[in-house]
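>
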DNA sequence: GCCGTTTTCGGCCCGACTGTTTTCAGTCG
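Numbering (our numbering), first residue to last: 3 to 574.
1) For residue 228, which of helix, strand or coil comes out of DSSP?
2) With DSSP run on the structure shown, which of helix, strand or coil describes residue 139?
3) Would you grab the beta carbon distance between residue 537 and residue 387 for me? Rounded to a whole angstrom, and I think it's under 8 Å.
4) Is the segment 164–176 in contact with the segment 123–135, if contact means three or more CB pairs nearer than 8 Å?
5) Is the number of C-beta pairs between the segment 522–530 and the segment 290–300 that are closer than 8 Å three or more?
6) Quick one: measure Cβ to Cβ for residue 31 and residue 45, integer angstroms, because I've assumed they're closer than 8 Å.
7) Residue 342 and residue 500: beta carbons closer than 9 Å?
8) List the endpoints of the continuous beta strand (DSSP E) containing residue 368.
9) Would you say residue 518 and residue 550 are within 9 Å of each other, going by their C-beta atoms?
10) Going by Cα to Cα distance, which pick from 103, 534 and 456 is closest to residue 350?
11) Quick check on residue 197: buried or exposed, where buried means 16 or more other Cβ atoms within 10 Å of its Cβ?
12) Taking the alpha-carbon positions, what's the residue 553 to residue 329 distance?
13) Are the beta-carbon atoms belonging to residue 89 and residue 17 less than 9 Å from one another?
14) Starting from the N-terminal side, write out each stretch of the beta strand (DSSP E) that is 3 residues or longer and does not extend beyond the segment 442–513.
15) At the level of alpha carbons, what is the spacing between residue 344 and residue 413?
16) With 16 other CB atoms within 10 Å as the buried threshold, where does residue 51 fall?
17) Less than 9 Å separating the beta-carbons of residue 511 and residue 193?
18) What's the C-alpha gap between residue 539 and residue 364?
19) Using three-state DSSP, classify residue 549 as helix, strand or coil.
20) Do you know offhand how far residue 490's Cα is from residue 421's?
21) Within 10 angstroms of the Cβ of residue 268, are there 16 or more other Cβ atoms? Answer buried if so, exposed if not.
22) Within the segment 170–222, note down every full beta strand (DSSP E) run reaching 3 residues or more, in order along the chain.
23) On the DSSP bridge assignment, give the partners of residue 244 in chain order.
24) Under 8 Å, with one C-beta from each stretch per pair, do the segment 272–285 and the segment 206–213 reach the 3-pair mark?
25) Taking DSSP's pairing of strands, which residues face residue 411 in a bridge?
26) One question on the structure: do residue 407 and residue 361 come within less than 9 Å of each other, judged by their Cβ atoms?
27) Starting from the C-beta of residue 483, find all residues in its chain whose C-beta is less than 8 Å away, skip the five residues before and the five after it, and write them out in chain order.
28) Below 8 Å on the Cβ atoms is my contact criterion, and I expect residue 240 with residue 232 to pass it. Report the Cβ-Cβ distance as a whole number of Å.
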């Protein structure tokens, strides 16, 4: 439902833009869509309470349209608009170098309304003779169409991150490069990344640009200039590089990190101080410049404390910075326990001792062994009778480890299709910690799947709900859950919700995690490790929690271990 | 279409790159 409304507003914006409507009306629809997306809550719920106009960027007109659409399933405004501008024209905007003006041109001059008609016209050489077009523009559009056809959408964080590290090392090795930093959505640690934005500080840009566009994995140079170049790599990731003099590195990095909306906020703030802010400098009305070599100087100039990149989504961080109420964000080093990990007792690769050693190496003070319960056959789930033998092994390893690491016997118990749990209550009661998770029947109706999860939350033996929505990036959307109901129940029963740190899950996502915190729910950031190296994925989970404005207080396994253990004991 | 510590009307962020142009329009981030 949320996504449908957001898509609806974006479609209106696109069509208005092709129609040639004043840009600010278009921006208003996009801003409202962004704002609703960042809400993290249920739009229908806000609508039911008559609070739509309290959402920033949603005023009377857009609220009425949302109301009409929810109430009737239709929107007269959009229908009228589509009578003027074919709805399928928005497809064209996905093509690189093709914006609303050209889409309108192709439609009005050649009657093109969709991608296949566009491709036919481009191949027939019909585009080059249009005003403002030429042979190069035509072939760029063809290239854009081909790129679209093989596009793998946004790259998951887990794929973009390691490649970016390699690229940074490559750029650092270029003579004359004084600083290099990743920016963009990757620095903000968004779950998926469109392309890589990189900023380098160097006195002479040309050699850096040549090295960048000459990288061995580059298959296509999309643009090349003195301060900015962009390329496409063989594995379909694109990257752009800004090169500025080191004394301008701060403004450039701030700019390239975004988000766009965050940058707009900063520029508004700069204007109020009589300054104009760009990627190269602050500028006074008389034209003189204020240079910033570091990003901290940019924020300082605006009278703001440094805002961590993960917060820069225009979700209230600038207002909070002005008010001095930015949260002290959780750090990776704050996590003291791994509470979700698998061993050879189910589908893990390591035995209990090996996993314990791996956890110790990473500085953990506690480790929960949480193998799958029996009904998850594919994962070799434990039978009830296995639990006693597993407990004996855990006790033996604990004796070897002494006080260095506290082991907990737990399990990841399956929430069955009817909402009952895989193990009976007296078995769950014998365990130190219980995670309940959905793995199957994720396609159930909203009402049914929500009830399933609520039933698990209400079970007094359940401590944590694992990867609550079951989403898999990029292929599977999560279950259609009433998240607000989940948050309320979790808060009431003091059940923690997991941020599963695996980059293909990141579940809860950032927006949901923030709503959870606001609802008084505790989080648990877990890697769901099946091997030693999986334990290092914690980093991505912490980043997601930081995007949710999470402090150590919000996260169970960032508490001192004694507090965590007594919390668990108090629930047994 | 939205919004208010210069405003309830008149604003709404800034610059680089490219291609088609004889100074600029379109697109992108």
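We put the CB at the ideal spot given by N, CA and C, even for glycine.
Taking the coordinates as given:
1) coil
2) Residue 139: helix per DSSP, three-state reduction.
3) No, residue 537 and residue 387 are not in contact; Cβ-Cβ is about 29 Å, not under 8 Å.
4) In the pairwise beta carbon analysis, the segment 164–176 is classified as not touching the segment 123–135: fewer than three pairs are separated by under 8 Å.
5) Cβ pair count under 8 Å is below three, so no.
6) The Cβ separation is near 15 Å, so there is no contact.
7) Yes; because the gap between Cβ atoms is below 9 Å, this pair is in contact.
8) Where residue 368 is concerned, the enclosing beta strand (DSSP E) stretches over 368–374.
9) yes
10) 534
11) buried
12) Straight-line Cα distance between these residues: approximately 7 Å.
13) In this structure, residue 89 places its C-beta atom within 9 Å of the C-beta atom of residue 17.
14) For the beta strand (DSSP E) assignment, the uninterrupted runs of no fewer than 3 residues enclosed by the segment 442–513 are, from N- to C-terminal side, 498–502.
15) 9 Å
16) exposed
17) Yes, the Cβ-Cβ distance between residue 511 and residue 193 is below 9 Å.
18) Cα to Cα, residue 539 sits roughly 12 Å from residue 364.
19) helix
20) 18 Å
21) buried
22) 179–184 and 198–204
23) 201 and 230
24) no
25) 371
26) yes
27) 448, 451, 452, 455, 470 and 471
28) 6 Å
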